């Protein structure tokens, strides 16, 4: 009987140890499942954040492209404005010089005399005509003389 009691006690002890081990493993499995679920939630959150950032990047790319087009058109307008301003300045200088010719002759600047090239000198010496002199002053590219 003592032997059976010891065996029963030993078996109960082993059952308790087995139950403890089982509970410990079940807790470990539950903890691991919770960890996996947390990692999955983190992955989903990061995927959403990535898609949000990609959408933001696309929006910024679109804004940059629009800004580039705006700058290009503004640059073209600026170049045109500067060309127009330069042409107007030349025209005003020409008009001022013409007015000085009549009203203030000492400030008048005569247009430079055209010097004939060797070919033109030869043509003139043989009785040909000299090439026409360009109109004094004027605004380049506008047809205004």
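Numbering (UniProt numbering), first residue to last: 1 to 145. Using N, Cα and C, we set each Cβ at its ideal position, and we do this for glycine too. Keep in mind that this is a model prediction, so the values were computed, not measured.
According to DSSP, is residue i part of a helix, a strand, or is it coil?
i	result
residue 115	coil
residue 124	helix
Considering residue i, what are the terminal residues of the alpha helix (DSSP H) in which it resides?
i	result
residue 14	2-103
If I measure Cβ to Cβ from residue i and keep anything under 6 Å in the same chain, skipping five residues before and after, which residues do I get?
i	result
residue 47	none
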